[in-house]
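Each protein sequence line maps, in turn, to chains A and B. Following my numbering, the numbering of the first sequence begins with 1 at its first residue and continues without gaps. Following my numbering, the numbering of the second sequence begins with 1001 at its first residue and continues without gaps. Cβ coordinates follow ideal geometry from the N, Cα and C atoms, glycine included. This report refers to the structure that appears directly beneath it.
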Amino acid sequence: MSSADTIDYIYSSPSTLKHSTNKDELFLSNYSEVPTANLPCFFRGKLSNPYIVARCLITLANVVKSRFTISQAEIEAMKDPIVTVGNSHIRFEGFSGCAGVYGRVDVHEQGQEDAFIASGTTNVDFNPEMILALNKVSKHSPLELSVGSKDVEVKTDNDKIVEKKVPLPNRWVKGLTSVQHYLSQSKHTATLNRMQTIALFRSIPKGKIKSDYYLIKRANRYSFSPMAMPNSTAIGGLERLRLLEPLLALITELKVFVHPKAQSISYQLYFDTVTFSLTISRDPWRGFSGEGALLEELMEEIDEETLSKLNNFSHANQAFSPTLLPIRIGKDAQDTSKLTAKLSALGLLGYDLDSHQYFYRQLSFKPSRILTLNPRLKGAKKLLEKKQVKIILNDKNKIEARVAGTGVEHLVIIQNNTAKCTCQWYSKYQGERGECKHVLAVREMVK
Amino acid sequence: MSIVEEFKKIVKNQEKEKIVPFLKKLNDEEKKTLVPIVKKYYKVHSQYVYGSASTEAQYHIASIAAFVILNYSDFSKITIVMSDEIDRQDICSWYCPQWLTQYMDNHRFRFYFKPSRQYYTSIYNRLLEYITKGYCTPTPQYIAQSLDNAKISIGDIKSITIDEHIWYLFAYETEIHKPYEKSDRYWLDTIQKLVENGSIDRKRVLQESILSSSRFNNRAITGYFFNLLDMLNPTIEELLLYQDNLLSVLANSHSKPINQTLKYIKLIYKEPSFNLQGFMEQLPILLAWDIKSIVNSTLTLMDGLIKYYPDSKEELSLLITQTLAQNDEKLQLKAIKILGKYKMLDNGAILDEIEIYADNLYNSIKLLLPTIDETSQMDDNFAIKPIPKIREDNKMPTYKSFDELVFFFSAIFQTKNSINFDIFIANIIKIDKMITTKNINKLDTVFHQAFKYYFKGWQDESNFYLMLSSFFIDYASILLNRFTKDAIKQKELLDELDVFIFENKRYRYRQVFDFENIKPKQTVCYLFAHRCQILLKHLKGELNLTCLSTPTHQPAYIENKVLIEKIAFSQNNKLDIDIFDFQIALSRCIVDKSLISYIKEVLEGEIKDIFLYFTNPKEPLDLTKVITPEYWIVAVMRKGNSKEVQALIQAYSKEEITYQVTDASNWETTEEPYHYKEWENGERVTKTMMTKKFKLERKRAIQNTHIDSIYRYLNICTSDGVYHTEINYGLLLSSNLNYIFLENLLANIANTYIDATIKKSLPKLLVYLIDTWNNSYESSYIFLAYSLTFEEKTTRTLSSELWIKATTEGTMNHQLLGVTLGKLEHNEYAPLKRFTDLIVGNMLNISSLHNRSLEVLLSSMIPQMSDEPIKGTKKLLEIYLEVLSLTKQKPSEEVLEKLGVWGEVKSLKSVINKIGKN
């Protein structure tokens, strides 16, 4: 395995949970590949609902450990979740090994004592012993959480340094960017109380589920049915939702958010001061990493100056307002929606389903990695380099082009901003999984 | 002599004793020179293992050389097993590769079979030796995975194994739980003995066994360690010492550890140091379990807790109400009884909490709770609401422009929708007229895909795709004749095809489908092949074809007016009508009675007579008007008058034919012996088991008539391998009369074994059937009853959806379904539990209309069942009692008669008495 394919998590010490008679102390060791984000301590404070936070973190660890389409060998190296701390919020995010399930724990302002030392995003060490210890956290014993070194000093005790060399979590990095875009387009479709939620999850058939299921409501009861109803959304790999089962009995309510083209469904569980959201992809074999929802935005590079201005006025977890963007960074207002999408594609924005707002966070991976990850993007650039794109017609209403494929020239037509291609990728997914390399190349060429 | 030659000589002369001295003297450069020859020789001589090519000595020489010369990447590519000779000659004592640990770690997953215990024991012993000598430092996980299947006698277990390695078995996922045989309990017995003789820390074993439930997702591994815990029989003191760990077991997701932990809690809850608060935190999770035994044990414990801790009565009672979210009547009853026992049913807070679950409560439970209105939640205004088949929201997409059609065809090989094989025909006729010398190259991808599909060879897909690919190959020739210079891609592909066929002549490859010489077969595939044949004739200019059967609305309906317009256009322009196309069109057409005068106005000849007969329910069949019976057959069948069908068939038959509307009346379920052979004590013995059989006799009157019709081909051929494309295509060919296809499908399922592809296809078939369910033929009900009790849950759930929708639309004969289900379950053809679970989970309390329908269904079902009640009858009767109570109905005389017979059975007496009192 070459070094380019791996990533090193270097933690100064392992994460731990110490139990004592009057309180529990959860220390999460942090590491970021981005040097500026490698601060010694981000947060230190008490959590008001320790039992719930512990159960949610265990569930997140289960999400991270889970896999639905890849083999055990591929998941050997567990990918640590990331945490974004700042603006009175703590958000833990993680993906399943196959990148088709995205889990997030949001500890809201009321859920902790305000003790934010710094803001930023970092990887945190989720080791099995710490997860095991989380099982013992109870409702009534106070829990003190620290993200990063408690002493605000970098520990230099070499014996305690934890190094994890794991395959580069390409799926993670790509998934983290595109899932936010899907979340931003999702609409709230249902709210269920605890009883309705338990009954709903009881309708999930046992074992591996091969056919699509739909969330339906009948006589005030929600259930999953293999039969589509008007306005119901298809869910593939329904068994993935079982990850939420251990939390259901503790929730106050559940909200369902659906992507308009059924590309993702989010199940958000509410526990007073904490929320846990689980977002699953359209099918278990489709990780968010393979979705090309934002490829078009990534074709055009973002200039350094804009990025730097953005960094200057944004802090982690701070709500991101596209309306204020032109004023702050001096961009044309027309560009803002595209710029927002682009920032999301670069992993600089997360999305909050409740407040319907993006929030700022910089992923704890080098930005250069994100740009080099997508093969369709690379393919499109290669087609342009080799001059394999021929524009046949380019007027106001219609663009027609021929683009080289394997042994044949594909026809690409873009009309009313809807693109179609005769290649197999487009034929199979009909644009649902983002645009094919042929369309991307044509769009770039006619710019 | 060069280094390479020297090595070759050692191998050739099998000089095993010389290889180590030879390797020892090599420097790094010389080792590099040897890499290619060592790799080659290893490959050749390792075949010794399979008993050929070389000698044992040559294999040993090559394996030692490979170990010393090659780097990690090369060594791991050529072998997954290190030769024992490396150990025998203790190579590591003078050369220990840096990659040894990595190699051992990475090769643990590469066995395709499970090696023997002896093999694992030798692996572990080698590992111990390597560790002791400092040759490698394997990861704890690797050590655990080497030790899990090893078998060492207690006296031989080394201290490092007891002090360190055994604990890795508790910490890492291994295959310790997979026994070689049922009686194999090696590690359980060994650890128990080590605990008993004091060699290992008992308390640590107890703690680690408990922690396994949080550590592993694998149910079998946690179950294994909880067996160990059970064997060690922990004392009250030990349980109290680890009670925090035990409480965290309750929040995990495997039932066995939870049930076992609840038993332990029962032993300690009266102890002063019991962590009541901690246990109460886990109760919501326990009460939400879908395993009845967990909820039941929890409730029993809570009963004891309230008694012992009266101060926590209210808090515990509030928690008990969460049981009411369960769908089980007995659990609901138990919860209410506990609340009643402690006088909590007049507590306002408890009653408010119960109110939340009112929708989910059984009527018998509501009767125990005066504050809950037993009918308030049910929508009594639920009435039958037929949904029209022709609507705006189910209109089929249409493709008008050349570009739209190009994109349609470029996606045709990816299609999963069977109806596209139909739409394809009309669209080919459409696009063919639009092709010019300028735009023909836009179709390149379509032809490219079709030819590549053929070149790829046999694929596990439907015959439809091969026929489609063959069609485009023939169409390419047609276009090449028409556009000699401009059909460049077509020529290139046809040339490639010639070369391919020439080069592959000596191999078996599949044939391009020959549409000119189709052999008639009574399957839906033949119908599609025939339609492609006719289409190719049209494209060659031999016919001037119209396509009438293209659906206008999903899933496969045709608007009556559109069909009349199309036929009128065909008549005016003297277009050719394919007889099967006409039959399919009529089969899909939704009759609109208001069009009678329009038909008179625009149609002419025999077809006008057919449409007037077809559209006007009062118009009788006049045989004197029948010139081409093939045009009439579908119209007569659709009207469903047996006498008219009989008259038409008889008029064109030489022998006497008796026609029944449904041919499926002769069916039954039986129990038959099945003989098989098995090895027993070294001898081959014949054994017998009883199997349930479903028998259906088809009389095939409609299929054997001299009038050729689509009904003859509404069949699937199981010997060809069945795919859902064929099944759905068949169903959609006869949207309004699909019972014939269902009957044939059912006969196929019944008379053969349940083919895996049929099993997979049933859910997709049911989705189509839900949209097309409209008839009252017995065959459809047999099929539905069969699906309602089918082994796979998705199929059952979809069948219940069909029942719900058809009940809402008023197209379900509940009495007929009940009788059919009763007959099917007479001999317990399928476990009754499948059906009763389905009722509780999906069919009960949908609306008052559905509850009333369910009452009719069950009242018709029960009298048909055997006098000797089958397993699950009690649950069926409990549901029946609930339905009677909800609908305020009384059991019929027929049901009471059957209950009288069943009343003799002790376990049913109580519920039968309640039904009698209803």
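C-alpha gap between residue i and residue j, whole angstroms
i        : j        : result
Y1130(B) : D1201(B) : 27 Å
S1780(B) : Y1739(B) : 5 Å
M1467(B) : L1543(B) : 21 Å
A1426(B) : Y1613(B) : 27 Å
P1673(B) : G1682(B) : 24 Å
K1433(B) : G407(A)  : 27 Å
K1823(B) : Q1864(B) : 6 Å
V1020(B) : T1132(B) : 23 Å
K1452(B) : S1470(B) : 11 Å
L183(A)  : S264(A)  : 8 Å
L247(A)  : E93(A)   : 17 Å
L1206(B) : E1085(B) : 42 Å
Close Cβ partners of residue i (< 6 Å) along its chain, the five nearest in sequence each way excluded
i        : result
E1644(B) : L1621 and V1636
V412(A)  : A401, V403, C421, H438, V439 and V442
G431(A)  : none
D157(A)  : Caution is warranted here: a pLDDT of 39 is assigned to D157(A), below 50, making its placement in the model unreliable, and the coordinate value is therefore given only provisionally. Once the five neighbours on either side are set aside, D157(A) has no close Cβ partner at all.
Neighbourhood of residue i by C-beta distance below 7 Å, restricted to the same chain and skipping five residues each side
i        : result
I1912(B) : L1877, L1899, W1902 and G1903
K1692(B) : T1669, E1671, N1827 and Y1829
L1908(B) : P1869, T1873, K1874, L1877 and W1902
I1431(B) : F1402 and L1405
D1105(B) : P1138, T1139 and Y1142
Burial state of residue i (16 or more Cβ within 10 Å)
i        : result
A319(A)  : exposed
F1109(B) : Low confidence applies to F1109(B): its pLDDT is 45, below 50, so where it sits in the model is not reliable, and the reading given next is rough at best. Flag for F1109(B) reads exposed.
M1843(B) : buried
Q110(A)  : exposed
E144(A)  : buried
F1611(B) : buried
G1818(B) : buried
S1910(B) : exposed
R1088(B) : exposed
Nearest residue (CA-CA) to residue i, options the options
i        : options                                   : result
I1627(B) : E1655(B), G1640(B) and E1606(B)           : E1606(B)
L1832(B) : G1841(B), L1821(B) and N1842(B)           : L1821(B)
V85(A)   : V124(A), A54(A) and C98(A)                : V124(A)
I1152(B) : T1174(B), E1164(B), N1125(B) and S1046(B) : N1125(B)
S178(A)  : I204(A), K65(A) and L346(A)               : L346(A)
Y1711(B) : K1012(B), W1094(B), S1248(B) and I1584(B) : I1584(B)
F126(A)  : E109(A), L26(A) and E113(A)               : L26(A)
Y360(A)  : L353(A), F68(A), D354(A) and S344(A)      : S344(A)
I1915(B) : E1882(B), K1906(B) and D1074(B)           : E1882(B)
S48(A)   : R67(A), T279(A), R282(A) and T273(A)      : T273(A)
G97(A)   : G120(A), F68(A), L132(A) and P246(A)      : F68(A)
L1070(B) : P1097(B), S1093(B) and L1798(B)           : P1097(B)
Y270(A)  : T279(A), R282(A) and L250(A)              : L250(A)
A1057(B) : P1036(B), G1810(B) and K1012(B)           : K1012(B)
S427(A)  : L1443(B), F1413(B), D1422(B) and A1251(B) : F1413(B)
Same chain only: Cβ atoms within 8 Å of residue i, ignoring 5 sequence neighbours per side
i        : result
P226(A)  : S211, D212, Y213 and Y214
A1349(B) : E1314 and L1318
Contact the segment 1400-1411 of chain B vs the segment 413-425 of chain A: 3+ CB pairs below 8 Å: yes
Cβ contact (3+ pairs, closer than 8 Å) linking the segment 13-27 of chain A and the segment 103-112 of chain A: no
Three-pair Cβ contact test at 8 Å for the segment 1517-1527 of chain B versus the segment 1473-1489 of chain B: no
The segment 1486-1497 of chain B touching the segment 1551-1558 of chain B, judged by at least three CB pairs closer than 8 Å: no
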